[in-house]
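K.L.:
In structure tokens form, the structure reads like this:
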């Protein structure tokens, strides 16, 4: 029982107390009270050690990432994050590990005023499943299916940094010392674009978060919306570390293929570009127009206004060799 | 990609289409629309292979159980189940396994009109995390903390059957052939007392579902409510298979200590006994009064109206030897 008390203490020591949580951790269920005329957005993501993060990832980073990847899904719908449930499977109890893990979880929850309302702790190989819930006023959500040919394609932040960090850890590339800390942070402490997502409610016709990679996630939008897209490679917002490490051509490949950036990819009509750019600037998010949607049903790329072929094989689960095993 | 399509096909082939699901599986989040003046009850439970079910459990039973244990938590609050999210971690893709697993999941979802609204499929050691959500009209939930001294303690169904099945599988006892199928079913296909839970909203002062064992779960009610309790051993509703296999004394121990029955344990005032018994009879649930709450702060047992000592060590995670590894 001592071990349970330990975990319970850490998980109930959160600062956030939302008014819409009627009953928090400690009973058979939590009870929450959604606002009037709000949809509840629900998303679930699992992180498995050795598959979704390298085995030597710090517990604080694991805690942060398990929340961030779910808040990122809420952001991509335009939802305001409200509540999370956390299922933690641990091989054994290590007080220091749990303490650090909770720091990662709660730093993020406090920043976004998200309350942990429940979960489960079980024994087994390390993995974390989080269900995050947010609220969106009726008719204001952003789906993957609303994009139309002719609209412009944007991303927040920079892309390819997380994939570069992973390749560095795997020994495939050698990132210069001056970049290592920054690049590691992109992989371990991704930023969920929560405020950007909410600001986009009025402007974006479609949105998705970049977890599988630019081409793979763009393909989801194209498929759901029935459109094609052209990506302007010269326009891609790449971290300096990326092109400095692998050269510009390989940098494009990594930016197209690499996952785990958790930036938002979204589409906007010509008429809404200025309004959107102003709204996003107010949230402190850098955005870049990286291409345009069309009716081709395919994803193409151009460089210096000339077509170039992409040879991208995006990450998928159940491949023979998981990326970071 | 083929494997993903396979999983997607099975998981989107559900029959249930609830009107309060605004957007189901297929986007970054699902969107649901709770009813007016309803609390949302949220619960999460993880099942790990070899810890929460024996490794040779059928996929259909695993699917059933992963949903049932969560619906059971909703039942214990008096909630009407509405939506589930399912995170499935699999060592590899086996089409037949997934098909059978989905049968177990969807049979139960269809029975209770619960819609699968999302989840995640990842590669790793077999485990399943389900987050289930239900709805309860304001002020009608049943918590663990409302019990008072003098009230009566009831359970639904029979208890000890699941623990007996586990002991049989582990070779600790030998259940007679005529009982084996029935007993195995109690372990593999537990019944969540969903209708009983909703019927109890008006009558029960506290409730919990029996997952950890009668004494352990009663201790949660006693702790949360600040009461003690006496269990009348002669009154315990035991399956015939239990006493026939191990004798009556050991049967009491197993009924007190064994988990996984997923029956409801609840308290009722003297004035509400008749009303509650009528309401529960209408839901087709057998109930049994097994004792009374008191102010002692302790859990005691009596047999033939004489006090007997209990030597119960209830299951807990993170013991050195998980029960069915």
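Chains as they are written, first to last, in the UniProt record's numbering: chain A, 1 to 325; chain B, 1 to 325. Note that CB positions come from ideal geometry on N, CA and C, so glycine has one too.
1) How about residue 254 of chain B and residue 302 of chain B: do their beta carbons lie closer than 9 Å?
2) Please name the residue in A/129, A/15 and A/109 whose C-alpha comes closest to that of residue 43 of chain A.
3) Excluding the 5 residues flanking residue 89 of chain B on each side, which residues of the same chain have their C-beta closer than 6 Å to its C-beta?
4) For residue 29 of chain B, go through chain A and note every residue whose CB falls closer than 7 Å to its CB, in chain order.
5) Is the shortest distance between the beta-carbon of residue 62 of chain B and the beta-carbons of chain A less than 9 Å?
6) Tell me which residues share the same chain as residue 298 of chain B and place their Cβ nearer than 6 Å to its Cβ, disregarding the 5 neighbours each side in the sequence.
7) Check whether the Cβ atoms of residue 102 of chain A and residue 13 of chain A sit closer than 9 Å, and answer yes or no.
8) From this set, B/209, B/226, B/194 and B/252, which residue's C-alpha is nearest residue 112 of chain B's C-alpha?
9) Listed in chain order, which residues of the stretch 11-28 of chain B have Cβ atoms closer than 8 Å to some Cβ of chain A?
10) Short of 7 Å in beta carbon distance, which residues of its chain neighbour residue 146 of chain A, apart from the five on each side in sequence? Order them along the chain.
11) How big is the Cα-Cα spacing for residue 211 of chain A and residue 285 of chain A?
12) Going by other Cβ atoms of all chains shown within 10 Å of its Cβ, with 16 needed for buried, is residue 325 of chain A buried or exposed?
13) Check whether the Cβ of residue 293 of chain A lies closer than 9 Å to any Cβ atom in chain B.
14) Run through chain B and tell me which residues come within less than 7 Å of residue 117 of chain A, C-beta to C-beta.
15) Answer with buried or exposed for residue 278 of chain A, where buried requires no fewer than 16 other C-beta atoms within 10 angstroms of its C-beta.
16) Candidates B/213, B/292, B/247 and B/294: which alpha carbon is nearest residue 257 of chain B's?
17) Taking residue 124 of chain B as the query, report the chain A residues whose CB atoms sit under 7 Å from its CB, ordered along the chain.
18) Taking Cβ-Cβ distances below 9 Å as the criterion, which residues of the stretch 131-161 of chain A are in contact with chain B?
19) What does residue 228 of chain A pair with, by DSSP beta-bridge criteria?
20) Under 8 Å: do the stretch 77-94 of chain B and the stretch 26-46 of chain B share three or more Cβ pairs, one atom per stretch?
21) Which of the three DSSP states is assigned to residue 153 of chain A in this structure?
22) How would you list, in chain order, the residues of chain B whose beta-carbon sits under 7 Å from the beta-carbon of residue 188 of chain A?
23) Does the beta-carbon distance from residue 235 of chain B to residue 161 of chain B come in below 9 Å?
24) Assuming residue 264 of chain B and residue 209 of chain B form a contact by the criterion Cβ under 8 Å, report the distance between their Cβ atoms to the nearest whole angstrom.
25) Taking all protein chains shown into account, do 16 or more other C-beta atoms lie within 10 angstroms of the C-beta of residue 168 of chain A, making it buried, or fewer, making it exposed?
26) Name the residues in the UniProt domain "PurM-like C-terminal" (148-300) of chain B whose C-beta lies less than 7 Å from a C-beta of chain A; which are they?
27) Excluding the 5 residues flanking residue 48 of chain B on each side, which residues of the same chain have their C-beta closer than 7 Å to its C-beta?
28) Below 9 Å between beta carbons: does that hold for residue 163 of chain A and residue 259 of chain A?
29) Residue 136 of chain A and residue 215 of chain A: beta carbons closer than 9 Å?
30) Would a check of beta-carbon distances place residue 54 of chain B closer than 9 Å to chain A?
31) Please confirm whether residue 85 of chain B has its beta-carbon closer than 9 Å to some beta-carbon of chain A.
32) I want to see whether chain A comes within less than 9 Å of residue 95 of chain B, judged by CB atoms only; does it?
33) Going by beta-carbon coordinates alone, are residue 72 of chain A and residue 86 of chain A separated by less than 9 Å?
34) Rounded to a whole number of angstroms, what is the C-alpha to C-alpha distance between residue 149 of chain A and residue 233 of chain A?
35) Residue 33 of chain A touches chain B at which residues, Cβ-Cβ below 7 Å?
36) Taking only beta-carbon atoms, is residue 324 of chain A less than 9 Å away from chain B?
P.N.:
The short version:
1) no
2) A/129
3) 122, 124 and 127
4) 41, 42, 43, 73, 74, 77 and 79
5) no
6) 228
7) yes
8) B/194
9) 22, 23, 26, 27 and 28
10) 205, 206 and 225
11) 18 Å
12) Legend: pLDDT at residue 325 of chain A = 31, less than 50; position of this residue unreliable, value from coordinates given subsequently. Residue 325 of chain A is exposed by the Cβ-count criterion.
13) no
14) 42
15) exposed
16) B/213
17) 48, 51, 125 and 127
18) 131, 132, 133, 134, 136, 138, 141, 142, 143, 144 and 145
19) A/294
20) yes
21) strand
22) Within chain B, no residue comes near residue 188 of chain A; the closest Cβ sits about 19 Å away, beyond 7 Å.
23) no
24) 6 Å
25) buried
26) 208 and 209
27) 127
28) yes
29) no
30) no
31) yes
32) no
33) no
34) 19 Å
35) 39
36) Low per-residue confidence applies at residue 324 of chain A: pLDDT is 37, beneath 50, and the placement is therefore not dependable, though the value from the model is reported in the following sentence. Not closer than 9 Å to any Cβ of chain B, the Cβ of residue 324 of chain A fails to qualify, so no.
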